[in-house]
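> Before we start, here is the structure in question, set down as structure tokens.
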Amino acid sequence: MTASAFTGSWGATVLKNGGARFRLWAPAQRSVTLVGTVGEIRAPMQRSDDGWFELETDAVPVNGGYSFEIDGRRVPDPAAREQVSDVHGPSRLVDGAAFSWGSDHWRGRPWEEAVIYELHTGTFTPNGTFAGIEQKLDHLASLGVTAIELMPIAQFSGTRGWGYDGVLLYAPHIVYGGPEALKRLVDAAHERELMVLLDVVYNHFGPDGNYLHLYAPDFFHPERHTPWGAAIAYEKQPVRQFFIENALYWLEEFRLDGLRLDAIDQIHDPSPTHILEELAAEVRRTITDRHVHLTTEDERNIVNLHERDSDGVVRLYSAEWNDDFHHTAHVLATGERDGYYFDYDIDVSQMARCLAEGYVYQGETSPSKEEQRGVCSKHLPPSAFVDFLQNHDQIGNRAFGERLIALSDEKTVDLLTAILLLSPHIPLLFMGEEWGERRPFCFFTDFTGDLAAAVRDGRRAEFKRWPQFADPANRLKIPDPNALATAEASRIDWNFKNTPAGAARIALVRNLLAIRKRLVPHFAAMRSGQGNTEPWSAEAFGVAWRMADGQTLRMAVNLGEVPVATSTHADLTLLYESSDGACASLRLGQVPPKSVILGFEGGAENG
984 MTASAFTGSW
994 GATVLKNGGA
1004 RFRLWAPAQR
1014 SVTLVGTVGE
1024 IRAPMQRSDD
1034 GWFELETDAV
1044 PVNGGYSFEI
1054 DGRRVPDPAA
1064 REQVSDVHGP
1074 SRLVDGAAFS
1084 WGSDHWRGRP
1094 WEEAVIYELH
1104 TGTFTPNGTF
1114 AGIEQKLDHL
1124 ASLGVTAIEL
1134 MPIAQFSGTR
1144 GWGYDGVLLY
1154 APHIVYGGPE
1164 ALKRLVDAAH
1174 ERELMVLLDV
1184 VYNHFGPDGN
1194 YLHLYAPDFF
1204 HPERHTPWGA
1214 AIAYEKQPVR
1224 QFFIENALYW
1234 LEEFRLDGLR
1244 LDAIDQIHDP
1254 SPTHILEELA
1264 AEVRRTITDR
1274 HVHLTTEDER
1284 NIVNLHERDS
1294 DGVVRLYSAE
1304 WNDDFHHTAH
1314 VLATGERDGY
1324 YFDYDIDVSQ
1334 MARCLAEGYV
1344 YQGETSPSKE
1354 EQRGVCSKHL
1364 PPSAFVDFLQ
1374 NHDQIGNRAF
1384 GERLIALSDE
1394 KTVDLLTAIL
1404 LLSPHIPLLF
1414 MGEEWGERRP
1424 FCFFTDFTGD
1434 LAAAVRDGRR
1444 AEFKRWPQFA
1454 DPANRLKIPD
1464 PNALATAEAS
1474 RIDWNFKNTP
1484 AGAARIALVR
1494 NLLAIRKRLV
1504 PHFAAMRSGQ
1514 GNTEPWSAEA
1524 FGVAWRMADG
1534 QTLRMAVNLG
1544 EVPVATSTHA
1554 DLTLLYESSD
1564 GACASLRLGQ
1574 VPPKSVILGF
1584 EGGAENG
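Structure follows, in structure tokens:
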């Protein structure tokens, strides 16, 4: 791969022969003026019949600022590659081909090798930047992680936030270091054989700093509403290009290894070919010289986007974030049944089904929603599901952002971690989870004025349906998302990893991931879930996955306090036992209390 800048329909592109081309779709306008901040250069742009404005000029130097003036008002480029300052100010002209890459050898990693580590750039390290992440890559590589996944980094209003309210979707936030610092991070990760994935938000724009309504009202459907405002008109070609090209921009110019598309159930497109299908197909068609992975978040438990072809090759999307695994694990660990946890039992049968077949809900009626949810998923390979015990949503969407370790006992969390990291599904860890981070991860933003009050009050109102927050006085205790202290409290504590408890948990995770690495060749050959469950009690179960070489990978789990009888497994070849002697007991037909055992049956381990 050689250094090159992505060229798309939107935004500013530095030309090889000098100068730059600027493009903006503003169908509601008759005139648009390019304004350069250096010398206050003003140049009218040429309008075409389809609403595009374009200008080639050398009036704006590389790294210089520019804006579009519309009806006397200056707005940033919606496809800006970088901002000079905040989302309301000028954009910066960036030469995307200027960076000198050092990892030209990198061709990515197969999806089955993925062990994902999700992190938030602003709270992962003390300085909260891409450079800060770069300094921690050796720790992640030594742990056994193979991919880091960045929560959204596209520029949003203010200097702190989760990133899901981004408004300039092509601009890495300047508080994190901007585009060049992101490229340095990706380059350094690839040198350590780490993939870099990015969470992107294509279902809405944030509430502050989005000016598209002013000059391109056709970008939206004002008559159709989403939880975040007017729906996006994905069937319009310029709109379609904006998002499809954004995906290609991150993957090509920044050499990212994949994208996670947030809340795709909110992307409604009446086109004959849905934009999600076209986006993935275009990525697969365009990037053929390396591994690229696309994943989705979708509470509907769908499978049509994640099907494989007859050779087992991904057609569109590699995997789906599997909330069912999290929810059933959380209920087993905590006993909580409020909200969406009402759909999950304090019984291990749902977890067993999840491990064997993918989803828990495959068309059954959701008690909390009183409607059918999901479709059959057992024909998909285990790699089509990304499982987790914690992620930004499942921690941060709690009122106080508590982590699982604060809600359950350490032994149960260790057992669930073993299940997560040793199953054939793709595992995901959330930052700090490897050492049992105790600090919360709260929802936080950086809005001001009426918007700040609306976000704070709306956040607290979301918890009315939880019994402990039925009293308004209790809701007032929920942290204010806009308070600086809320974000600061969410910064992970790197010192804890060196405590005896932190070091012990890191050793556990490192050992589990070393075992998983030996299993990857077996997982890669799995064309479907191939799992059979064995219910032993309300707290104990077994799952047996049939491998392509004829062996059976068997996991035995007992989360209870008493031993449970099973059939004998005399020929089990041990891979992992959570306590000494657990495998010997299983061979004799008993699963000890509080234990997880993994091994092969039907022959010696291969690979």
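By the count of our numbering, the sequence shown reaches residue 1590 at its end, each step adding exactly one. We put the CB at the ideal spot given by N, CA and C, even for glycine.
Let me make sure I understand the geometry here. Which of Ser1562, Thr1482, Val1574, Gly1485 has the alpha-carbon closest to that of Phe1524?
Indexing the sequence shown from 1 puts residue 1524 at position 541. Here the closest residue by C-alpha is Val1574.
> Can you check whether the CB of Leu1165 is closer than 8 Å to the CB of Phe1113?
The residue you call residue 1113 lines up with position 130 of the sequence shown. The residue you call residue 1165 lines up with position 182 of the sequence shown. Yes, the Cβ-Cβ distance between Phe1113 and Leu1165 is below 8 Å.
> Looking only at its chain, what residues have a beta carbon closer than 7 Å to the beta carbon of Asp1033, apart from the 5 residues adjacent to it on each side?
Here residue 1033 corresponds to residue number 50 of the sequence shown, with the count starting at 1. No residues qualify anywhere along the chain.
> For Glu1178, does the three-state DSSP call read helix, strand or coil?
On the sequence shown, residue 1178 is found 195 positions in, with the first residue counted as 1. Checking the sequence shown, residue 1178 turns out to be Met, not Glu. DSSP places Met1178 in strand when its eight states are reduced to three.
> Helix or strand or just coil, what does DSSP make of Glu1353?
Position 370 of the sequence shown, counted from the start, is the residue given in the question as residue 1353. Three-state result, Glu1353: coil.
> Should Val1369 and Ala1302 be called a contact, given that it needs their Cβ atoms to be closer than 8 Å?
Against the sequence shown, residue 1369 aligns to sequence position 386. Against the sequence shown, residue 1302 aligns to sequence position 319. Cβ distance < 8 Å, so Val1369 and Ala1302 count as in contact.
> In this structure, does DSSP put Phe1506 in helix, strand or coil?
Your numbering for residue 1506 matches position 523 in the sequence shown. In this structure, Phe1506 counts as helix in the three-state DSSP scheme.
> The alpha helix (DSSP H) spanning His932 covers which residue range?
Coverage of the chain is limited to positions 984 through 1590, which leaves residue 932 absent and any answer about it impossible.
> Would you call Glu1132 buried or exposed, if buried means 16 or more other Cβ atoms sit within 10 Å of its Cβ?
Counting from one through the sequence shown, the residue named residue 1132 turns up at place 149. Under this definition Glu1132 is a buried residue.
> Nearest-angstrom Cα distance between Leu998 and Arg1064?
To locate residue 998, count along the sequence shown from 1; it is residue 15. To locate residue 1064, count along the sequence shown from 1; it is residue 81. Straight-line Cα distance between these residues: approximately 15 Å.
> Assuming Leu1404 and Leu1496 are in contact, meaning their beta carbons sit under 8 Å apart, how far apart are those beta carbons, in whole angstroms?
In the sequence shown, the residue the question calls residue 1404 occupies position 421. In the sequence shown, the residue the question calls residue 1496 occupies position 513. The Cβ separation is near 6 Å, so the contact holds.
> Buried or exposed for Gly994, please, with buried defined as at least 16 other CB atoms from any protein chain shown within 10 angstroms of its CB.
Sequence index remark: in the sequence shown, residue 994 carries index 11 (1-based). Label assigned to Gly994: buried.
> Please go through the same chain and pick out, in chain order, the residues whose beta-carbon is closer than 6 Å to the beta-carbon of Phe1188, but skip the five residues on each side of it.
Your numbering for residue 1188 matches position 205 in the sequence shown. Excluding residues within five positions, the ones whose Cβ falls inside 6 Å are Val1150.
> Would you call the stretch 995-1014 in contact with the stretch 1038-1047, where contact means no fewer than 3 C-beta pairs closer than 8 Å?
Output reads yes: the stretch 1038-1047 touches the stretch 995-1014.
> As an exercise, report each continuous beta strand (DSSP E) stretch of at least 3 residues that is fully enclosed by the stretch 1407-1456, in chain order.
DSSP runs (the beta strand (DSSP E)) wholly in the stretch 1407-1456: 1409-1413.
> Tell me where the alpha helix (DSSP H) around Trp1233 begins and ends.
The sequence position of residue 1233 within the sequence shown is 250, counting from 1. Element bounds for Trp1233: 1220-1236.
> Tell me the DSSP secondary structure of Pro1044 in three-state form.
Within the sequence shown, residue 1044 is the residue found at index 61, counting from 1. Residue state, collapsed to three classes: coil.
> Helix, strand or coil for His1071? Go by DSSP, reduced to three states.
Translated into the one-based positions of the sequence shown, residue 1071 becomes position 88. It is coil, neither helix nor strand.
> Just checking my contact of Asn1541 with Pro1576 at CB under 8 Å: how many whole Å lie between their CB atoms?
Numbered from 1 along the sequence shown, position 558 holds the residue referred to as residue 1541. Numbered from 1 along the sequence shown, position 593 holds the residue referred to as residue 1576. Correct: roughly 6 Å between the Cβ atoms.
> Leaving aside the five residues before and after Thr1317 along the sequence, list all residues of the same chain whose C-beta is less than 8 Å from its C-beta, in chain order.
Numbered from 1 along the sequence shown, position 334 holds the residue referred to as residue 1317. The residues are Leu1387, Leu1390, Ser1391.
> What does a CB cutoff of less than 6 Å around Arg1238 pick up in its chain, not counting 5 residues either side in sequence?
Locating residue 1238 in the sequence shown gives position 255, where the first residue counts as 1. The answer, listed in chain order, is Val1169.
> Give me the Cα-Cα distance between Ala1042 and Gly1022, rounded to the nearest whole angstrom.
Mapped onto the sequence shown, residue 1042 falls at position 59. Mapped onto the sequence shown, residue 1022 falls at position 39. Answer to the nearest angstrom: the Cα atoms are 9 Å apart.
> Is the CB-CB distance between Thr1400 and Leu1372 below 8 Å?
As a working note, residue 1400 is residue 417 in the sequence shown. As a working note, residue 1372 is residue 389 in the sequence shown. Yes, they are a contact pair.
> Starting from Phe1203, follow the beta strand (DSSP E) in both directions and report where the run begins and ends.
As a working note, residue 1203 is residue 220 in the sequence shown. It spans 1203-1209 - the beta strand (DSSP E) in which Phe1203 sits, taken as one unbroken run.
> Threshold first: 3 residues or longer. Then list the beta strand (DSSP E) segments lying entirely within the stretch 1504-1567, N to C.
The stretch 1504-1567 contains these whole beta strand (DSSP E) runs: 1514-1518, 1523-1529, 1535-1541, 1556-1560.
> Note down the Cα distance separating Thr1551 from Glu1353, rounded to an integer number of angstroms.
Translated into the one-based positions of the sequence shown, residue 1551 becomes position 568. Translated into the one-based positions of the sequence shown, residue 1353 becomes position 370. Their backbone Cα atoms lie some 41 Å apart in a straight line.
> Starting from the Cα of Asp1248, find the closest Cα among Glu1236, Pro1221, Ile1285, Glu1261 and give me that residue.
Residue numbering aside, residue 1248 sits at position 265 when the sequence shown is read from its first letter. Looking at the Cα atoms, Ile1285 is the closest of the given residues.
> Just verifying my parser: in three-state terms, what is the DSSP assignment at Tyr1344?
Within the sequence shown, numbered from 1, the residue matching residue 1344 stands at position 361. Correct three-state label for Tyr1344: coil.
> Run through DSSP, which three-state label would Trp1304 get?
The sequence position of residue 1304 within the sequence shown is 321, counting from 1. Correct three-state label for Trp1304: strand.
> Would you grab the beta carbon distance between Pro1464 and Arg1439 for me? Rounded to a whole angstrom, and I think it's under 8 Å.
Residue numbering aside, residue 1464 sits at position 481 when the sequence shown is read from its first letter. Residue numbering aside, residue 1439 sits at position 456 when the sequence shown is read from its first letter. Confirmed, about 6 Å.
> Quick check on the burial criterion: 16 or more other C-beta atoms within 10 angstroms. Buried or exposed for Ser1014?
Here residue 1014 is taken as the residue at index 31 of the sequence shown, counted from 1. Ser1014 comes out exposed.
> Ends of the alpha helix (DSSP H) at Tyr1198?
For the purposes of this step, residue 1198 is taken as residue 215 along the sequence shown, with counting starting at 1. Per DSSP, Tyr1198 belongs to the alpha helix (DSSP H) from 1195-1198.
> Between Asp1252, Leu1338, Ser1293, which has its C-alpha nearest Phe1226's C-alpha?
Taking the first residue of the sequence shown as 1, we reach residue 1226 at position 243. Checked all of Asp1252, Leu1338, Ser1293; the closest Cα to Phe1226 is Asp1252.
> Any chance the stretch 1138-1148 sits against the stretch 1061-1075, with 3 or more Cβ pairs inside 8 Å?
The stretch 1138-1148, when compared against the stretch 1061-1075, does touch it at the 8 Å Cβ threshold.
> Out of Ala1199, Thr1271, Ala1367, Leu1363, which one is the CA nearest neighbour of Glu1280?
Here the question's residue 1280 lines up with position 297 in the sequence shown. The option with the nearest alpha carbon to Glu1280 is Ala1367.
> Return the residue from the list Arg1320, Gly1002, His1196 that minimises the CA-CA distance to Gly1019.
Position 36 of the sequence shown holds residue 1019. Ranking Arg1320, Gly1002, His1196 by Cα distance to Gly1019 puts Gly1002 first.
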